[in-house]
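>
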Amino acid sequence: MAQPQLQPQDQVVVPLKVKQEEVVSPWKDAWRTLRKNKLALVGFGIILFFIIVAVLAPWIAPYPYDEGQLVMKNKPPSEAHWFGTDYNGRDVFSRVIYGAQISLWVGTFSVIGSVLAGTLLGLLAGYYGRWIDTIISRLFDIMLAFPSILLAIAVVAILGPSLQNALIAIAIINIPTFGRLVRARVLSLKEEEFVMAARAIGMKNSRIIMQHILPNSLAPIIVTGTMGIATAIIEAAALGFLGLGAQAPEPEWGKMLADSRQYIQKAPWTVIFPGLSIMLTVLGFNLIGDGLRDALDPRMKS
Amino acid sequence: PAEQPKTETPAPATEPAKTGPKQLIVGRGADTKGLDPITQTDGETFKVTENIMDTLIGFADGSTELAPSLAEKWEVTPDGLVYTLKLRSGVKFHDGTDFNAEAVKYNFERWSDKSHPQHSPEGFEYYVSQFGGYKGDATHIIKSVEAVDPTTVKFTLNRPLAPFLANLAMSPFAIGSPEALKKDVKKFNEHPIGTGPFKFVEWKRNDTITLEKNPDYWNPGYPKLDKLVFKVIPENTARLTALASGEIDLMDGLNTDDIPAVKENKDLQLFLRPTNNIGYIGFNVEKKPLDNPKVREAIAYAINKPEIVTAFFDGVGEPAVNPMPKTMWGHNNDIKDREFNLDKAKQLLAEAGHPNGFKIKFWAMPVPRPYMPEGVKIAEAIQQDLKKIGIDAEIVTMEWATYLEKTRLGEQEMFMLGWTGDNGDPDNFLAVLLDKNSIGSNNYTRWANEEASQLMMKAQSNPDQAEREKLYKQVQEIIFKDVPMVPLAHSTPALAGKANIIDYNPHPKGSESLEKVDFK
Amino acid sequence: MALLAYSIRRILMLIPVLVGMSIIVFSIIRAIPGDPALTILGEKATPQAIADIREALGLNNPWYIQYFDYMKNILSGNLGESLQTNAPISDEIMPYLAATTELTIVSMLIAVFIGVNAGILSAWKQNSWFDYCAMLIALVGVSMPIFWLGLMEQWVFAQELKWLPSVGRDNSRNPVEAITHFYILDTMMAGRWDQLWEVIKHLILPGIALGTIPMAIIARITRSSMLEVMRADYVRTARAKGLTQFWVVYKHALKNAMIPVLTVIGLQTGLLLGGAVLTETIFGWPGVGRYIVTAIGNRDYPVIQSGILVIATIFVLINLLVDLLYAYIDPRIKYR
Amino acid sequence: MAEDLLVVKNLKKYYPITGGVLGGEVGVVKAVDDVSFTVKRGETLGLVGESGCGKSTTGRSLLRLIEPTSGEINFDGTDVMSLSTDAMRKMRRDMQIVFQDPFASLNPRHNIEKILEEPLIVHGLGSSAERKKRVQEMLEIVGLSSYHASRYPHQFSGGQRQRIGIARALMLKPKLIVADEPVSALDVSIQSQVLNLMQDLQREFGLTYLFIAHDLSVVRHISDRVGVMYLGRIVELTTSSQLYSNPLHPYTKALLSAVPSPDPDAVRERVILQGDVPSPAKPPSGCTFHTRCPHVTEECRTVRPEFADTGDGHFVACHLYKS
Amino acid sequence: MSHPVLQIENLQTHFFTDRGQIPAVDGVTITVQKGEVVGIVGESGCGKSVTSLSVMKLVPNPPGRIVGGSIKFKGEDLVSVDEKRMRDIRGNEIAMIFQEPMTSLNPVFTIGDQIGESVRLHTKASKKDARARAIEMLKKVGIPRAEAIVDEYPHQLSGGMRQRVMIAMAMACNPALLIADEPTTALDVTIQAQILDLMRQLNREAETAILLITHDLGVVAEMCHRVVVMYAGNVIEQGDVRTILKNPKHPYTIGLLNSLPKLEGSQDRLYSIPGNVPIPGSLTVGCRFAPRCDKVSDRCRSEMPELKVVGDNHLSRCWLTE
Ligand SMILES: Nc1ncnc2c1ncn2[C@@H]1O[C@H](COP(=O)(O)OP(=O)(O)OP(=O)(O)O)[C@@H](O)[C@H]1O
Ligand SMILES: Nc1ncnc2c1ncn2[C@@H]1O[C@H](COP(=O)(O)OP(=O)(O)OP(=O)(O)O)[C@@H](O)[C@H]1O
Ligand SMILES: [Mg+2]
Ligand SMILES: [Mg+2]
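Chains as they are written, first to last, in my numbering: chain B, 1 to 302; chain L, 1001 to 1520; chain H, 2001 to 2336; chain R, 3001 to 3323; chain A, 4001 to 4322.
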């Protein structure tokens, strides 16, 4: 039997580049890993693109989002209207651009809301345990037993349909996600030796939470939060689609879909572009989330 | 269409006739709520019940002219207080029991008497609104119902009611089997028993209701169909797709945008329901700055009615000038509508003291209605124009129930709503919508104009139609001048069906019996 | 025995959750502005009629009395009556539930079959062309707004290509009598194979729309779980025995990898059951999601309450079932 | 000043086992079951035993990092058990702990300076500049360079991290250090470095150690006296030379003989114990070692042997040595 | 001693990671004779496990790959045989047990299944026979209640029992070579003594050659005929057990032995090797031990010494032995 063919270059040992002296904080380390992750970079690219589009909307949108001419109703893409026009003769391209503002806003701020509330509740439940834990955990159980979209619909029904209320509803329904995450994280961190060590040097609970528990819960919160933005954007679009989110003439993508769906055959561009935008943004956040997860906590894969 | 291309000869549409029972599947947007018509108010219910239960008096095909139904003939005393109806003999309910004067009497007693065992604790909305109240109420119109003999019923009224016979023809007042009602009034709501052309078979909620031919129907030769199915397909576009693919045979709620497609499709045909409605933009005249007629008029000038109607009622609606259908007697054709004129609007605003416009909340209907197919979209179009005269209108919308509740309480500023006529009387539009006594009920504009109310009252109690016509025309003028609302459009709701459907006549009131419908 | 005790404890733990839920639902829906009487009567309501209906429905009682009345009914097995239709909810909800369940099961079957196998193959051939494609598709899948996917499906396959029906559960032309309300079963029991084919055709588009997200999630989790398991010591042991890669993957790795996958499947099934609102709206599916949403729109309090309670109960039961399945797959699980 | 820095009497720690339909308590794990010993000022007391015998639980209970079920702990004249939470916090200035796992005991998100400075901050010692200086000094003491201060734990090897753990314990100049298997996770060549360091520090700062390990040779090397634990109890306690030359308890004997010696010429009688260590949730009656003991008698099965001095402070809990 | 069961010649197994190429095993030469117990000692990360996995051709690929050298098993070079042949060899002629008995058994299959699987695979035995063989093996490795244990799951057994099961599984097909990768590291000393005893007994009875990997010189002294000392991917010293432990030549081996605390005598201070174990691949020229060696010379830093014969059956890789 022949000897295995060894490629000559296989023999060349590439020396490792370990710079001993450099200070590498865990965050920096994560950032390095992330930078090597091509998909995550694509994600960053997509989101950056949408952020730029959102910020510069007034300058790059060729038309106002809320003005059109009925005579220009449902015209196909053309040089003047790249994405065509909608049922009110408005420029779909401009509306999609302004829509980026809404989706990014709702996605980000609802998640910030859920994270703040969830973290607080999760910390309380996880660190202090006992009846506080029982009450909070039960509350989470109850909230999670509701189909979340129904819960959101109910909340919006109370508050009245509007973009802001949709944001609140989404923030509320996602609280248990973060609450449970933080609680689980706290419970496991509580058993970690470095927390034990912190107690051993006589540290107070509040300081332990702020210095040891929270910073170490941050990574999963960031990862879940990023993915949460993706979910929140879809949820906001879903509420918009059901007529419970953004209100006319706000160019929210889900709402645009719902309003134009009846013209799908005649004017498919009015449905395709907003939908694609939702998908791309969400994809972007998911890509970043995946990348962050691999970078921040390789064990957290699930 | 006598001439058909050769390839069309074995038309798939004729197949059901050859192969099996003749079956018509009707697609519609929502399910029936209950099948006991007197308990219901919505059209989706009547679309079904009219096929199962007959009224004493009917309407002629496609018009509001009265026609014999369970009653073959009728007479009125000159004072308008006693009506004698001659009933058809030999008619049987689907459960085999006889239809006769006693059955009619039973039905009216059930409806009018709050203490009747089969009366509903929730009340009978339509009975109250059409006959002035229940037995014992001061306003109750019907004094007595007598079964003179098995085929003769005599109604005695407390005071004359011009549209009394028209009221009898309304769908909720269909006659049900007393036996069935007495046995289980709750079940009747799920499984109605009448004398109609079709018998109830099955109800799969939110999906289908199936009826089958009543072989003993009193009208010989009818019904033509063996089976009738009502199928719920909520989305208009989806329903059309289902029609095109042959899943259903007939549908209502055709999007105006889809009309050209239906017209082009050889397998389909378009039906138009004669108009009997009004969709309007209302102003809550109690709210500033809408209390100023100049402001209201300015807005009226800024609404581009023709363009909106073209865009959203394409081909199946016409711009409205007055708050009642043009086809109805008493419509004032002399009133010339305001032109779309933004300069004029601006000028009026300036006169009213708002040269730079103002901010306002514009309530838009969350649900499609025949008179307002796309509330929010129309609101958006109006909003765009208002912006040009400096009025910053914020579109507000909420759940339908909340919308109705709040508008009824007068929380709205500018809003949109509409009305579909129940019978062929102008009173049913003008008084219902704009009489000062209707504030808190259906006068959502809260417009309380003494003069107009006086005129309408006069018209109501005057039995002479020519007199009434004059009075109503006057009322319309006042309304036009004071602009409590901008009538937007009268729609002719569009329906689509298979090309081989014949003898289908959509009725202006929104629902009809399908006994005559047949396939070619 | 431990398993039984555990199951009983889990079921007992369900009670406070359900009670809590019922209270929350009860207070939420009463906080919703809008009067059920008005939705019953519509724009033609007269104040008198509204008052009559409110009285008849007991809506004038304080909310806690309404709650206790309602709970009393629930405990005697009576889910109440719909304000809109006056029909008993327990009867009314069955067809809706069956419709949703049928759709959910079909979606989950599609999702599990494709998702699990794609995940396994991806893990097996890690970093291969197949892996990259599958995971990219899965990523797009989890990012997909299903209502948009549904619309696109309808447009392409129903409206443009006309291959599949776009709405409803079956062809109403020759319906089969609904006994179980599971149309697949009903048509099979009736021996109506033509109609069975119709039912299946109707299931395809909504099934795919609903199944896409779980499919993507399952594929991703199966892959990562498999990769993790493939690194486990016992897999190395199995290979050291001389087993082929196929057996290592499908026997030794898969059973272990299925544990987290199972959790996700359970969770997703529960979510689909209640969260199919959007899909049901788009595909005109007479399911329980739409039933509840319509009821919210109509302020049909008893229906909302009972509907959500039923869904939540099923949801919790599914999770219980998943937990019990663990015991079957993973003998290590000790129920504490 | 008393000679005994730490006196532990009848220390117990039971963990509840929950289960059953209602999830109630259905039993206890007797992790530490009636342990008594004293640690003299300046000495090193070793604690050996197989895994799960309760060594760590004992160590952590002393600092009340785990709340003991019962027992007395007297540290430097203070009744530790009666201290309030806050007083206990302050007390910990004098009692420190070093953990086994050098990877888990340092917060991965803090740099070394922060880790070492923290004890001072917590107890409000020194100004910021003084604290920084102390950190630099301490790093040098444990054999690291001051430029390491800005680095993060993951940039260090196991041995270096263990030095950092020791440095952290030393920052407050404690009287007692509980070292919970500080070298078990280290390679042999590193292990000796750390052991040497600990001995040097003891000499320099006059420290007292409670040194926990499962490796007999290590404990023997570093300790003045050694306690042998089995299933939550100390079965033998004596000086380290006594323990090796004259082990009394059959378990100690077996343990000693089981340690493989790197000397190929060493000849020792080999006692191979049968079976496994029983579960602390269901400890055997009487002497807990009776299930594996080669000298078991009827008495062993029923009567728990007393932990008694056989002379010269050689304590043993075995019926064979009843005086 | 003329029939080597296993001859590893200048084996090189590298890992190709994004941080670069890691030469985890870089020139390892080991010979195992029939019935012999050969020990590989070395500190964590020096490449012991990778060497053993290379023999089984179980190095995870990617990122690992054998890039040079040969592994002759009964004269057949395993480096070049195909996967199918390799599967015949694995578990049948060469068996392996691992460090972690807790995780090396599949938690979801019964003990009997897992032992029987190997038997059925290689002997085409029936299910019943395989089970009988499993019980027989369990008895052989001293497991009480073998008939009952065979139907139990791994988590129901203690660590020592599991390691016995692993051994039973490995020995089920009477392999010619058993590779034991730190079989007792995770176990308590008293249990370790039991397992080592068992292995010794199997070695004597079945004449199975054993390649025993450990980091404990004590275990080596008690078990092995010959010892191979590894450091950072290299074999640095090799010889029979007495020579290595009594008369080591390489400074690393000497240092290692000196740094052990002795159970008997009490040294006041231990010898300690300065510095840390290098990350493999971070040193590319010279002797890998040079940075920590107290006898280091310039030559050591620039040139890698060869593994040379320094005595009877004794090889060492150090310039000092020139
Ligand atoms: N939080 C806990 N809950 C229940 N049981 C526990 C807990 N912590 C420890 N135990 C049990 O207490 C016993 C003693 O544990 P401990 O950690 O003190 O042992 P150890 O001697 O330090 O072992 P090792 O050498 O493995 O560190 C063990 O059987 C363990 O299972
Ligand atoms: N999958 C892998 N990817 C990259 N590098 C690896 C991989 N497996 C092992 N290595 C490298 O190979 C080197 C040798 O590892 P090996 O497992 O053989 O060490 P060992 O001597 O068995 O150590 P231990 O005593 O800890 O088991 C390690 O330092 C590691 O860096
Ligand atoms: Mg421990
Ligand atoms: Mg290893």
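Every residue gets a Cβ at the ideal spot worked out from N, C-alpha and C, and that includes glycine. These figures come from a predicted structure and were not determined experimentally.
(1) If you measure from the CB of residue 3105/R, is any heavy atom of ligand 1 nearer than 6 Å?
(2) Hey, out of 1132/L, 1432/L, 1295/L, whose CA is closest to residue 1389/L's CA?
(3) For residue 4289/A, I'd like the list of residues in its chain whose CB is within less than 6 Å of its CB, leaving aside the five on either flank, ordered along the chain.
(4) Quick check: is any heavy atom of ligand 3 less than 6 Å from the C-beta of residue 3127/R?
(5) Please list the terminal residues of the continuous alpha helix (DSSP H) segment that includes residue 2305/H.
(6) Let me know if residue 3325/R comes out buried or exposed under the rule of 16 or more other beta-carbons within 10 Å of its beta-carbon.
(7) State yes or no: is the C-beta of residue 4127/A nearer than 6 Å to some heavy atom of ligand 4?
(8) To the nearest angstrom, report how far apart residue 3009/R and residue 3057/R are at their CA atoms.
(9) Over the uninterrupted alpha helix (DSSP H) stretch that includes residue 3073/R, give me the two end residues.
(10) Using DSSP's beta-bridge definition, name the partner residues of residue 1156/L.
(11) Which residues mark the beginning and the end of the beta strand (DSSP E) in which residue 29/B is found?
(12) I want to verify the contact list: residues of chain H whose CB lies under 8 Å from the CB of residue 4107/A, in sequence order.
(13) Drop a sphere of 10 angstroms on the beta-carbon of residue 2316/H, count the other beta-carbons inside from all chains shown, and report buried for 16 or more, exposed for fewer.
(14) For residue 4138/A, which residues in chain E fall below 7 Å Cβ to Cβ?
(15) Mark residue 2065/H as exposed unless 16 or more other C-beta atoms lie within 10 angstroms of its C-beta, in which case mark it buried.
(16) What residue from 1404/L, 1378/L, 1268/L has the CA that sits closest to residue 1393/L's CA?
(17) Step through the CB atoms of chain A and report whether any lies within less than 7 Å of the CB of residue 2239/H.
(18) What are the residues of the stretch 4081-4096 of chain A that lie near chain H, defined by any Cβ-Cβ distance shorter than 9 Å?
(19) Using a Cβ cut-off of 7 Å (strictly closer), state whether residue 2167/H contacts chain L.
(20) Contact between the stretch 3095-3103 of chain R and the stretch 3179-3195 of chain R is defined here as three or more beta-carbon pairs at a separation below 8 Å; is this criterion met?
(21) So residue 1401/L contacts chain H; which residues on that side make the cut at Cβ distance below 8 Å?
(22) If the cut is a Cβ gap below 7 Å, which residues of chain B does residue 1380/L touch?
(23) Is there contact here, the stretch 4050-4067 of chain A with the stretch 4009-4023 of chain A, by at least three beta-carbon pairs under 8 Å?
(24) Which residues share a DSSP beta bridge with residue 3198/R?
(25) Return yes when at least one heavy atom of ligand 3 lies under 6 Å from the C-beta of residue 3056/R, else no.
(26) Who are the near neighbours of residue 1381/L in its chain, counting only those whose CB is closer than 6 Å to its CB and skipping five residues on each side?
(27) Helix or strand or just coil, what does DSSP make of residue 1376/L?
(28) Looking at the structure shown, is residue 3303/R part of a helix, part of a strand, or coil, going by DSSP?
(29) For ligand 4, is there a heavy atom less than 6 Å away from the beta-carbon of residue 4048/A?
(30) Please state whether DSSP places residue 3128/R in a helix, a strand or coil.
Quick answer:
(1) No, the Cβ of residue 3105/R stays beyond 6 Å of every heavy atom of ligand 1.
(2) For residue 1389/L, the nearest C-alpha among the options comes from 1295/L.
(3) Same-chain partners within the cutoff: 4231, 4252.
(4) Remark: the shortest separation between the CB of residue 3127/R and any heavy atom of ligand 3 does not fall under 6 Å.
(5) It spans 2301-2329 - the alpha helix (DSSP H) in which residue 2305/H sits, taken as one unbroken run.
(6) The displayed coordinates of chain R run from 3001 to 3323. Any statement about residue 3325/R would go beyond what the structure contains.
(7) No, since every heavy atom of ligand 4 falls outside the 6 Å radius drawn around the Cβ of residue 4127/A.
(8) Approximately 15 Å between the Cα atoms of the pair.
(9) Looking at the DSSP string, residue 3073/R is not in any alpha helix (DSSP H); the run it does join, the beta strand (DSSP E), is 3070-3075.
(10) According to DSSP, residue 1156/L bridges with 1082/L, 1144/L.
(11) Segment 26-36 is the alpha helix (DSSP H) holding residue 29/B; no beta strand (DSSP E) there.
(12) Among the residues of chain H, those whose CB is under 8 Å from the CB of residue 4107/A are 2234, 2256, 2330, 2331, 2332, following chain order.
(13) Buried.
(14) Included in the structure are the protein chains B, L, H, R and A, with no chain E among them.
(15) Taking every protein chain shown into account, the CB of residue 2065/H has fewer than 16 other CB atoms within 10 angstroms, so this residue is exposed.
(16) Closest option to residue 1393/L, Cα to Cα, is 1378/L.
(17) By this cut-off, residue 2239/H is an interface position.
(18) Per Cβ criterion, the list reads 4083, 4084, 4086, 4087, 4088, 4089, 4090, 4091, 4092, 4094, 4095, 4096.
(19) Cβ-Cβ to chain L under 7 Å: yes for residue 2167/H.
(20) With a cut-off of 8 Å on Cβ pairs, the stretch 3095-3103 of chain R is in contact with the stretch 3179-3195 of chain R, counting three or more such pairs.
(21) Neighbours of residue 1401/L across chain H, judged by C-beta separation under 8 Å: 2034, 2035, 2036, 2038, 2039, 2297, 2298, 2299.
(22) By Cβ distance, chain B contributes 88, 248, 249.
(23) Yes, the stretch 4050-4067 of chain A is in contact with the stretch 4009-4023 of chain A.
(24) Answer is none; residue 3198/R lacks a bridge partner.
(25) Remark: the shortest separation between the CB of residue 3056/R and any heavy atom of ligand 3 falls under 6 Å.
(26) Only 1308 meet the Cβ criterion.
(27) Of the three classes helix, strand and coil, the one that applies to residue 1376/L here is helix, per DSSP.
(28) Correct three-state label for residue 3303/R: coil.
(29) Distances taken from the Cβ of residue 4048/A to the heavy atoms of ligand 4 include one shorter than 6 Å.
(30) In this structure, residue 3128/R counts as helix in the three-state DSSP scheme.
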